[in-house]
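Working notes, structure below.
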Amino acid sequence: MASSSFSIRIPCSSANIGPGFDVIGLALTLYLEVHVTIDSSPSSLEKKHPLNCVITYENLSGSKEQISLDPEVNLITRVALYVLRCHDQRAFPANTHVHIKNPIPLGRGLGTSGTAVVAGVVLGNEIGKLGLTKARLLDYCLMIERHPDNVAASLFGGFVGTYLSDLKPEDMARIEIPLSEVLPEPAGGIDTGKQPPNPPVGIGHCTKFPWAKEIKAIAIIPDFVVPTANARDVLPKQYTRADVVFNLQRVALLPIALGASPPDPDMIYLAMQDRVHQPYRQTLIPGLLEILQSMTPTTQPGLLGICLSGAGPTILALATENFEEIAEKITSRFAERGIECQWKLLELAQEGTIVEHH
Ligand SMILES: Nc1ncnc2c1ncn2[C@@H]1O[C@H](COP(=O)(O)OP(=O)(O)OP(=O)(O)O)[C@@H](O)[C@H]1O
Ligand SMILES: N[C@@H](CCO)C(=O)O
Numbered sequence: 001m002a003s004s005s006f007s008i009r010i011p012c013s014s015a016n017i018g019p020g021f022d023v024i025g026l027a028l029t030l031y032l033e034v035h036v037t038i039d040s041s042p043s044s045l046e047k048k049h050p051l052n053c054v055i056t057y058e059n060l061s062g063s064k065e066q067i068s069l070d071p072e073v074n075l076i077t078r079v080a081l082y083v084l085r086c087h088d089q090r091a092f093p094a095n096t097h098v099h100i101k102n103p104i105p106l107g108r109g110l111g112t113s114g115t116a117v118v119a120g121v122v123l124g125n126e127i128g129k130l131g132l133t134k135a136r137l138l139d140y141c142l143m144i145e146r147h148p149d150n151v152a153a154s155l156f157g158g159f160v161g162t163y164l165s166d167l168k169p170e171d172m173a174r175i176e177i178p179l180s181e182v183l184p185e186p187a188g189g190i191d192t193g194k195q196p197p198n199p200p201v202g203i204g205h206c207t208k209f210p211w212a213k214e215i216k217a218i219a220i221i222p223d224f225v226v227p228t229a230n231a232r233d234v235l236p237k238q239y240t241r242a243d244v245v246f247n248l249q250r251v252a253l254l255p256i257a258l259g260a261s262p263p264d265p266d267m268i269y270l271a272m273q274d275r276v277h278q279p280y281r282q283t284l285i286p287g288l289l290e291i292l293q294s295m296t297p298t299t300q301p302g303l304l305g306i307c308l309s310g311a312g313p314t315i316l317a318l319a320t321e322n323f324e325e326i327a328e329k330i331t332s333r334f335a336e337r338g339i340e341c342q343w344k345l346l347e348l349a350q351e352g353t354i355v356e357h358h
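In UniProt numbering, the protein residues as written are 1 to 358.
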């Protein structure tokens with residue numbers, strides 16, 4: 001066989017949806033694509049890179065951020081190598097070409113790191129012919145991105161609720177090892193031949209909720225990056241009982257509210273309120289709370305609810321109509337603060353990650 005090729009398509013995600021911090025995720029119809037070619041014809045067998053891999057990148061996101069094309073640094077290929085090395089495979093097959101097409105703006109709260117982690121785990125599974133189940137792929141993803149809401153939505157698709165298992169102490173120790181040991185950086189640099197730690201089985205789980213067909217998602221994407229790590233650093237370590245109960249009351253309503261057809265705007269608006277992460281993240285996102293409070297289903301027909309998407313700065317408005325009007329009102333609030341935005345009308349991506357062999 002001279003060459004083989006396959007592609008992986010991964011939907012982006014919006015995590016939290018108000019009160020569901022680190023729990024709820026939505027897969028949305030904007031897709032990272034990874035096209036892989038392995039050319040094993042004799043003429044192309046000379047080694048070009050110690051890891052046998054060349055990366056090319058098409059930035060289709062409308063924003064300027066770039067990713068590393070070095071397979072020892074790029075998140076997708078580092079993750080794939082982690083999975084391969086857990087299975088005694090040290091490099092990619094000779095002449096592997098990974099072409100990444102990315103229309104999702106990086107670091108904006110649309111789960112790009114989650115899509116890259118899922119892409120890497122699935123890439124490792126395909127290249128190594130490992131035959132891992134989706135549940136096992138999730139374990140590998142969770143060794144790298146420790147909050148399950150983005151990766152589970154991107155892997156399984158749909159509107160999901162996720163949780164981490166209450167693991168035995170020895171398994172907790174295995175998932176709490178520093179990320180640098182799971183993903184040595186650079187990936188090839190400290191290849192001592194040592195086996196990286198395998199994930200415990202069943203670290204995390206995901207359940208799909210029904211989704212009312214009328215509901216669409218408007219993503220208003222400001223032109224600045226909020227790295228997720230920074231947005232997690234501003235959160236408190238402890239919460240008052242009142243704030244925890246406030247979120248529990250709303251998160252219990254959220255799956256029912258977003259699954260009921262026709263949707264009840266007042267119930268959805270209430271079910272999307274949060275006191276656990278949004279109030280603290282306004283220090284990173286100018287005007288966040290004012291924007292979130294700037295419209296309700298009563299003042300804006302068609303609106304169902306509004307929240308920060310993931311760790312931000314993207315705002316997610318769920319709506320049934322008047323999409324452009326809603327997007328423009330939110331965009332103009334950011335414009336008053338000198339911040340430009342692009343916006344996209346997206347739908348729920350029911351199917352998760354798909355692999356196609358050519
Ligand atoms: N396609 C990709 N290939 C390689 N690396 C990527 C890719 N997509 C994202 N990354 C890495 O992930 C980083 C962004 O991750 P971060 O968690 O900060 O934001 P996000 O995932 O877009 O937002 P959120 O987690 O709030 O939804 C990028 O800066 C880049 O390092
Ligand atoms: N639940 C995570 C999602 C990050 O996309 C957070 O809000 O930090």
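Virtual Cβ for every residue (Gly too), placed ideally from N, Cα, C. Please read these numbers as outputs of a predicted model, since none were measured by experiment.
Straight-line gap, residue i to residue j (C-alpha atoms, nearest Å)
i    : j    : result
N74  : N322 : 40 angstroms
L235 : L137 : 29 angstroms
C86  : N198 : 6 angstroms
T116 : P105 : Sequence check: residue 116 is Ala here, not Thr. So the two alpha carbons sit approximately 12 angstroms from each other.
V355 : E328 : 36 angstroms
G114 : N150 : 6 angstroms
S261 : A135 : 30 angstroms
I8   : K208 : 22 angstroms
T299 : P265 : 12 angstroms
V34  : R241 : 45 angstroms
D166 : P148 : 14 angstroms
V54  : D70  : 8 angstroms
L292 : R90  : 48 angstroms
I221 : Q342 : 5 angstroms
I175 : Y82  : 14 angstroms
L248 : D22  : 13 angstroms
G107 : V226 : 6 angstroms
I10  : K344 : 17 angstroms
G25  : G157 : 9 angstroms
T228 : P279 : 16 angstroms
P196 : A335 : 47 angstroms
I330 : T283 : 18 angstroms
C12  : V118 : 10 angstroms
D139 : P200 : 7 angstroms
K129 : F246 : 47 angstroms
E181 : Q238 : 28 angstroms
S68  : P286 : 29 angstroms
P169 : E290 : 43 angstroms
Classification of residue i by the beta-carbon crowding that lies within 10 angstroms, buried from 16 upward
i    : result
R194 : The residue asked about is misnamed: residue 194 is Lys in this sequence, not Arg. Exposed: under 16 other Cβ atoms inside 10 Å.
K216 : buried
G161 : buried
S3   : exposed
L142 : buried
G338 : exposed
L288 : buried
S61  : buried
I177 : exposed
T56  : exposed
V244 : exposed
Pair within 8 angstroms by beta-carbon distance, residue i and residue j
i    : j    : result
R78  : L183 : yes
C307 : N16  : yes
S154 : A27  : yes
A271 : C206 : no
S5   : H277 : no
N102 : N59  : yes
L164 : I203 : yes
M41  : P93  : In the sequence as presented, Met is not what sits at residue 41; that position holds Ser. Going by C-beta atoms, S41 is not nearer than 8 angstroms to P93.
L346 : T29  : yes
Q273 : P19  : yes
V122 : T353 : yes
R275 : A231 : no
A80  : G131 : no
Y269 : P313 : no
E340 : D223 : yes
Nearest-angstrom beta carbon gap, residue j and residue i [assumed within contact, 8 angstroms]
i    : j    : result
L84  : I144 : Rounded, the Cβ-Cβ distance is 14 angstroms, inconsistent with contact.
L348 : F159 : 6 angstroms
I76  : I38  : The Cβ separation is near 16 angstroms, so there is no contact.
Nonlocal neighbours in the same chain, by C-beta distance under 8 angstroms from residue i, ignoring five residues either side
i    : result
P263 : A212, E214, I215, A257, L304, T320
P301 : E321, N322
I326 : I218, M295, Q300, G302, L303, A317, A319
Beta-carbon contacts of residue i that lie in its chain and below 7 angstroms, excluding the five residues immediately before and after
i    : result
G189 : Low per-residue confidence applies at G189: pLDDT is 49, beneath 50, and the placement is therefore not dependable, though the value from the model is reported in the following sentence. Result list for G189: E72, in chain order.
S309 : S14, G109, L110, A219, I315, L316
P210 : G259
Interface flag, residue i vs chain B, CB-CB below 8 angstroms
i    : result
T133 : Included in the structure is just one protein chain, with no chain B present.
Neighbourhood of residue i by C-beta distance below 6 angstroms, restricted to the same chain and skipping five residues each side
i    : result
E65  : L106
V251 : P19, G20
D171 : P200
N125 : L132
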